[in-house]
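Those letters in the sequence shown? Residues 0 to 142, by numbering that gives the first Met the number 0.
Cβ coordinates follow ideal geometry from the N, Cα and C atoms, glycine included.
Bear in mind the structure is a predicted one, so any value in this text is a computation, not a measurement.
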Amino acid sequence: MELGKTFWFGAKWTAGVILAIWIGMPGAFKLLLICQILDVVSGLLAANNRHELRSALAWRGIRNKVLTWIVVLLVYQLQVQAVGAVLSDTQVPGPMLAGFAAIGFAGAEAMSIVENALRSGLKIPTFLVTGLAMVHDKVFGDE
Numbered sequence: 000m001e002l003g004k005t006f007w008f009g010a011k012w013t014a015g016v017i018l019a020i021w022i023g024m025p026g027a028f029k030l031l032l033i034c035q036i037l038d039v040v041s042g043l044l045a046a047n048n049r050h051e052l053r054s055a056l057a058w059r060g061i062r063n064k065v066l067t068w069i070v071v072l073l074v075y076q077l078q079v080q081a082v083g084a085v086l087s088d089t090q091v092p093g094p095m096l097a098g099f100a101a102i103g104f105a106g107a108e109a110m111s112i113v114e115n116a117l118r119s120g121l122k123i124p125t126f127l128v129t130g131l132a133m134v135h136d137k138v139f140g141d142e
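Take a look at the structure:
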């Protein structure tokens, strides 16, 4: 098989696997993933705009995002394995606890996106900053 055909064969399979994972992913997990991607992009843009681009800070942010997924997947596995039998007799739909965790972390990512936009000099409506700060404080408490 020639190189061009091999490349496109691999690209199609990779796209198919990513699409299958995306379709099967719960909505809260999709929200978290999208927010994390937007946070990385907005963070890189803000740091570049202020000439503060540092690979150590970028790696720390990526490490935190990986740790976020570890926590969300841990909650998911705990619910499925340990609590699944109890919840199967009730009307509780799907992996709710992991979904709640993902939505909570997505709120923190949304706040980070707004902070990055503010650092870049973008004017953000006060109600949006205040609202996201209130959600962040409710989810994570006063840090």
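Would K4 be called buried (16 or more neighbouring beta carbons within 10 Å of its own) or exposed?
What you label residue 4 is simply residue 5 of the sequence shown in a count that begins at 1. It is exposed - the Cβ of K4 has fewer than 16 other Cβ atoms within 10 Å.
Rounding to the nearest angstrom, what Cα-Cα distance links L52 and L121 in this structure?
Along the sequence shown, read from residue 1 onward, the residue named residue 52 stands at position 53. Along the sequence shown, read from residue 1 onward, the residue named residue 121 stands at position 122. In a straight line, the C-alpha of L52 is about 18 Å away from that of L121.
Taking the beta carbon of I112 as the centre, do at least 16 other beta carbons fall within 10 Å, making it buried, or is it exposed?
Here residue 112 is taken as the residue at index 113 of the sequence shown, counted from 1. Result: buried.
I think G106 touches V134, with their Cβ atoms under 8 Å apart; what is that distance to the nearest whole Å?
Residue 106 sits at position 107 when you count from the first residue of the sequence shown. Residue 134 sits at position 135 when you count from the first residue of the sequence shown. That pair is a contact at about 5 Å.
Following the continuous alpha helix (DSSP H) through V79, name the residue where it begins and the one where it ends.
Your numbering for residue 79 matches position 80 in the sequence shown. First-last for V79: undefined, no H or E at that position.
Can you check whether the C-beta of I20 is within less than 8 Å of a C-beta belonging to chain C?
Note that chain C does not occur in the displayed structure, where there is just one protein chain.
In this structure, how does DSSP classify G15 when only helix, strand and coil are distinguished?
In the sequence shown, counting from the first residue as 1, residue 15 sits at position 16. Three-state result, G15: helix.
Select from G60, L96, W58 and G23 the residue whose C-alpha is nearest the C-alpha of V149.
Residue 149 lies beyond the stretch modelled for the chain, which goes from 0 to 142, so this question has no answer here.
When you compare the CB positions of A27 and A101, do they come within less than 8 Å of one another, or not?
On the sequence shown, position 28 is the one that residue 27 refers to. On the sequence shown, position 102 is the one that residue 101 refers to. Against a cut-off of 8 Å, the Cβ pair of A101 and A27 comes out as a contact.
Please report the distance separating the alpha-carbon of I33 from that of G9.
Locating residue 33 in the sequence shown gives position 34, where the first residue counts as 1. Locating residue 9 in the sequence shown gives position 10, where the first residue counts as 1. Straight-line Cα distance between these residues: approximately 25 Å.
In chain order, what residues of the same chain lie with their CB nearer than 6 Å to the CB of A204, ignoring the 5 residues before and after it?
Past the edges of the chain, shown from 0 to 142, lies residue 204, and the structure says nothing about it.
Spatial neighbours of V138 within its chain, please: CB distance less than 6 Å, with the 5 preceding and 5 following residues excluded, ordered by chain position.
Mapped onto the sequence shown, residue 138 falls at position 139. Answer for V138: G103 and G106, listed in chain order.
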